[in-house]
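Only one structure is covered here, and it is reproduced in the block below.
Residue numbers (our numbering): 22 to 130.
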């Protein structure tokens, strides 16, 4: 089955949102029709425990942590998905960023 678009979900600190949004827009990953910079984001609470050998952005090794972060969601053309993922990984400050990519079905009628 061929997919024209994928949906990205990305969890990140608020201070990284604008840089990632702008970089994704530059490659056309956030264009919908005659609009660009098309992205949704909202605050969430995350939980994690850095394990031995990790280098956490926030928190301490061995301690369960919680904190505020943002979830970005956007629709991206399938052919730009690999480049979009690379951009996010290059800018994202987390050692192990959560980047979910899901195919989107196109239905006629």
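Beta carbons: idealized from backbone N, C-alpha and C, even for Gly.
Since the model is a prediction, treat every value here as computed from it, not as a measurement.
In chain order, what residues of the same chain have a beta carbon less than 6 Å from the beta carbon of residue i, not counting five sequence neighbours either side?
| i | result |
| --- | --- |
| residue 121 | 30 |
What residue range does the beta strand (DSSP E) around residue i cover?
| i | result |
| --- | --- |
| residue 123 | 120 to 125 |
| residue 93 | 86 to 98 |
| residue 65 | 61 to 69 |
| residue 30 | 26 to 33 |
Which residues in the same chain as residue i place their Cβ atom closer than 8 Å to its Cβ, once the five residues preceding and following it in sequence are excluded?
| i | result |
| --- | --- |
| residue 63 | 91 and 92 |
Pick helix, strand or coil for residue i, following the three-state DSSP scheme.
| i | result |
| --- | --- |
| residue 45 | helix |
| residue 103 | helix |
Check the DSSP bridge columns for residue i and list the partner residues they point to.
| i | result |
| --- | --- |
| residue 115 | Residue 115 is not bridged to any residue. |
| residue 53 | 56 |
Beta-carbon within less than 7 Å of residue i's beta-carbon, same chain only, minus the 5 sequence neighbours each way: which residues are those?
| i | result |
| --- | --- |
| residue 80 | 69, 71 and 86 |
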